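Read through the structure below, which is laid out as structure tokens, and then see the notes.
Residue numbers (this note's numbering): 327 to 651.
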């Protein structure tokens, strides 16, 4: 057990901890099992990996207000929806956020029994439930966002400008060519255009999860789909989450099942062009958070070229990159 984790756990009523490392991206994450009480938790040490850059999220990503916002979101989801979100756990002193001696924040959440969605067969039932769950979350978030003033990131035109600056850094680091930068910058300009359209339609500024990778979707023992890790949640259009899903579930049949589940709850028109815009947004966001250490990754240059060919260039040229509906 490393020093930070040992100090972190000493702040909680965990009597006989068994520790399993999960991952280290924006947080250092562990599964903690109290063998004496047979209780399971997720411990998160909020210190990002050197391979994962949080620069574009600003200085506040790991401050107490930001983490408290995530805690309040989880608590509100538990109270206001049927989604069995994780439960935040207080430390020995009655606080949800623990600050270690070196200033590093720590949070503890309950563990959800199940497996990540990438480890099961993606049946119609599961994909439909996934779409339905996101629809329920959006119904909740539309009302929650109106009455809440949580410290969260806004995925808007200002954020896109920060992404552009991060891409310029990629050119300076020689992990992006000038041509690759130009292609991505054109895609960002097109996203800005669609954000203006959505602003005109008053379809922005709801709470979104924003990071719906398969590793953040748990299928429970009851075959329900539950989202985890709201660390990057923020304010944007609901299409930010649909774009996130479509960037990870890229098979047309899977996407159709997800949309059917979503529309069973959300009785509003869904436009493919906006899903495409935020799908491209999500891909570029991935590039920006990994660009500082891209020189260590052999596939990065080829991946940029593939994304340019399959997504960025067709998107800018207004060619369909997902099915129409």
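Glycine included, C-beta positions come from ideal geometry on N, C-alpha and C. Please read all numbers here as calculations on a predicted model, not as lab measurements.
Assuming residue i is part of the beta strand (DSSP E), what are its boundary residues?
| i | result |
| --- | --- |
| residue 433 | 431–436 |
| residue 611 | No beta strand (DSSP E) contains residue 611, which is instead part of the alpha helix (DSSP H) from 598–616. |
| residue 356 | 354–360 |
| residue 574 | Element bounds for residue 574: not the beta strand (DSSP E) but the alpha helix (DSSP H), 565–574. |
| residue 562 | 560–562 |
| residue 316 | Within the shown structure, residues of the chain are numbered from 327 to 651, placing residue 316 beyond reach of any answer. |
| residue 553 | 551–553 |
Rounded to whole angstroms, what's the CA-CA distance from residue i to residue j? Just pull it up for me.
| i | j | result |
| --- | --- | --- |
| residue 650 | residue 581 | 11 Å |
| residue 521 | residue 362 | 52 Å |
| residue 486 | residue 340 | 42 Å |
| residue 432 | residue 523 | 39 Å |
| residue 330 | residue 427 | 9 Å |
| residue 405 | residue 600 | 30 Å |
| residue 587 | residue 450 | 10 Å |
| residue 368 | residue 424 | 14 Å |
| residue 616 | residue 583 | 31 Å |
| residue 514 | residue 539 | 21 Å |
| residue 441 | residue 551 | 10 Å |
| residue 534 | residue 562 | 6 Å |
| residue 648 | residue 461 | 20 Å |
| residue 418 | residue 358 | 16 Å |
| residue 463 | residue 542 | 15 Å |
| residue 644 | residue 598 | 11 Å |
| residue 372 | residue 458 | 31 Å |
| residue 511 | residue 410 | 39 Å |
| residue 336 | residue 591 | 43 Å |
| residue 415 | residue 392 | 17 Å |
For a test of the three-state rule: what should DSSP assign to residue i, helix, strand or coil?
| i | result |
| --- | --- |
| residue 369 | strand |
| residue 593 | coil |
| residue 495 | helix |
| residue 339 | coil |
| residue 648 | coil |
| residue 544 | strand |
| residue 585 | helix |
| residue 347 | strand |
| residue 425 | strand |
Count the other CB atoms, across all protein chains shown, that sit within 10 Å of the CB of residue i; report buried if there are 16 or more and exposed otherwise.
| i | result |
| --- | --- |
| residue 332 | exposed |
| residue 652 | A query on residue 652 cannot be resolved here, the shown segment of the chain reaching from 327 to 651 and no further. |
| residue 469 | exposed |
| residue 602 | buried |
| residue 646 | exposed |
| residue 355 | buried |
| residue 517 | buried |
| residue 595 | exposed |
| residue 344 | exposed |
| residue 396 | buried |
| residue 491 | exposed |
Mind checking which residues open and close the alpha helix (DSSP H) that includes residue i?
| i | result |
| --- | --- |
| residue 640 | 639–642 |
| residue 393 | 390–406 |
Are any of the Cβ atoms in chain D nearer than 8 Å to that of residue i?
| i | result |
| --- | --- |
| residue 633 | Checking the listed chains, one finds no chain D in this structure; it contains a single protein chain. |
| task | Enumerate, from N- to C-terminal direction, the unbroken alpha helix (DSSP H) stretches of 4 or more residues contained entirely within the region 500–536. | result | 504–526
| task | May I have a chain-ordered list of the beta strand (DSSP E) segments no shorter than 3 residues that lie completely inside the region 433–490? | result | 440–442
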